Amino acid sequence: MYEFSLEEKVATTAALLADRTRARMLFLMMDGRAYTATELSAAADVTPSTTSAHLNRLTEEELIICVKQGRHRYFKIHRAEVAELLENMMRFAHDGQADIARISTPKSLRLFRTCYDHMAGEIAVKIHNSLLVNNWMTEHYELTPDGKDFLFSLGVNYAEKTSTRRKFACSCLDWSERHFHLGGVLGAALLDTFLKKKWAIRQLDSRELVLTGSGKRILEQRFKINERRK
């Protein structure tokens, strides 16, 4: 099998992402969900045959995977590293245009949204900062004993998501807020907990997250956060 050099692999990936239709499909999948080819075709406003060709290329290069469910096929981002690459590109595209980014991004998305399998936006930044300020997490993104107890009391099960290929916890620069939110295994576990306990609800066909009444109480009483915008 022909071995791609690092330079060729980078060039191939860059060429894939340079196509606006493929980029639109990937950005849709940034919510962590799986989509049918029909849904992606409608979102990208291209024909089914064109969609199929794009999905085949993205699958071949392992940017996405195909999940078969009975007679149906669904497509989703292959792994967290792909989502992180896309998030970094979004941030790079907005560098020097922070004001434009804030104006062009809906307020609801700036407030709270998904970033693949973890939380992003203003509320996510506050959660990240709360973990640090309350000494539940160190500046090296390691949980303190108090932090482990705190997360256990909330029902956050990060052990089941532990992966040797992925960082346990890390900073992820939020492209709309220009501050860090929490990524990695811990970030994914927190999003799972917020959804399972209905502290937040996903919006259909959007990366937007809506904080529920119980979610607001958790932020204020447990995370010591006032989620209201300044």
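The sequence shown runs 1 to 230 under UniProt numbering.
Backbone N, C-alpha and C fix where the C-beta goes; we use that ideal spot for every residue, glycine too.
Values in this document were obtained by computation on a predicted structure and should not be read as measured data.
>> To the nearest angstrom, how far is the alpha carbon of residue 179 from that of residue 118?
In response: About 15 Å.
>> In this structure, how does DSSP classify residue 126 when only helix, strand and coil are distinguished?
In response: Here residue 126 sits in helix by DSSP.
> Residues in its own chain within less than 7 Å of residue 224 by CB, not counting five upstream and five downstream?
Replying inline: If we look at residue 224 and ignore the five residues flanking it on each side, its Cβ neighbours are 130, 134.
> What separation, rounded to the nearest whole angstrom, lies between the Cα atoms of residue 49 and residue 59?
Replying inline: Distance between the alpha carbons of residue 49 and residue 59: 15 Å.
> In terms of residues, what are the limits of the alpha helix (DSSP H) holding residue 152?
Replying inline: From DSSP, the alpha helix (DSSP H) with residue 152 extends over 145-154.
> So residue 225 is in the alpha helix (DSSP H); what residue range does that whole segment cover?
Replying inline: Careful: residue 225 lies outside any alpha helix (DSSP H) and carries neither H nor E.
> Would residue 116 pass as a contact of residue 83 if the rule is Cβ separation under 7 Å?
Replying inline: With contacts defined by Cβ atoms closer than 7 Å, residue 116 and residue 83 form a contacting pair.
> Looking at the structure shown, is residue 32 part of a helix, part of a strand, or coil, going by DSSP?
Replying inline: Per DSSP, reduced to three states, the secondary structure at residue 32 is coil, with no helix or strand assignment.
> Helix, strand or coil: how does DSSP classify residue 100 here?
Replying inline: Since pLDDT at residue 100 reaches only 48, below the 50 mark, its modelled position is unreliable, and the value read off the structure follows with that caveat. The three-state secondary structure of residue 100, taken from DSSP, is helix.
>> Among 16, 214, 18, 27, whose alpha-carbon lies nearest the alpha-carbon of residue 114?
In response: Cα-wise, what sits closest to residue 114 is 27.
> For residue 40 versus residue 47, is the C-beta distance shorter than 7 Å?
Replying inline: At a Cβ-Cβ threshold of 7 Å, residue 40 and residue 47 do not count as neighbours.
> Touching or not, the segment 120-129 and the segment 142-156, by the rule of three or more beta carbon pairs under 8 Å?
Replying inline: No, they do not touch.
> Quick one, are the C-beta atoms of residue 174 and residue 210 less than 7 Å apart?
Replying inline: Against a cut-off of 7 Å, the Cβ pair of residue 210 and residue 174 comes out as no contact.
> Got a sec, what are the start and stop residues for the alpha helix (DSSP H) residue 112 sits in?
Replying inline: Going by DSSP, residue 112 is part of no alpha helix (DSSP H) at all; its letter is neither H nor E.
> Apart from the five residues just before and just after residue 172, which ones in its own chain have a Cβ nearer than 6 Å to its Cβ?
Replying inline: Result list for residue 172: 181, 183, in chain order.
>> Within a Cβ cutoff of 8 Å, which residues of the same chain sit near residue 37, ignoring the five residues on either side of it in sequence?
In response: So the qualifying residues of the chain are 48, 51, 52, 55, 73, 75.
> Could you give the distance in angstroms between the alpha-carbon of residue 111 and the alpha-carbon of residue 208?
Replying inline: Cα to Cα, the separation comes out at about 8 Å.
> Which stretch, first to last residue, makes up the alpha helix (DSSP H) that contains residue 184?
Replying inline: Segment 184-196, the alpha helix (DSSP H) holding residue 184.
> If you count every other CB in all the chains shown that lies within 10 Å of the CB of residue 229, and 16 or more means buried, which is it?
Replying inline: Note that residue 229 has pLDDT 48, beneath the 50 cutoff, so the model's placement of it is unreliable and the number below is only indicative. Per the 10 Å Cβ criterion, exposed.
> Around the C-beta of residue 103, are 16 or more other C-beta atoms found within 10 angstroms, so that it is buried, or is it exposed?
Replying inline: Because residue 103 sits at a pLDDT of 45, beneath the cut-off of 50, its placement in the model cannot be relied upon, and the following sentence gives the value as read from the coordinates. With fewer than 16 other Cβ atoms inside 10 Å of its own Cβ, residue 103 counts as exposed.
> For residue 16 versus residue 24, is the C-beta distance shorter than 7 Å?
Replying inline: No, the Cβ-Cβ distance between residue 16 and residue 24 is not below 7 Å.
> In whole angstroms, what is the alpha-carbon distance linking residue 44 and residue 153?
Replying inline: Their backbone Cα atoms lie some 43 Å apart in a straight line.
> So, residue 198 versus residue 212, is the Cβ gap smaller than 7 Å?
Replying inline: Contact flag set, yes.
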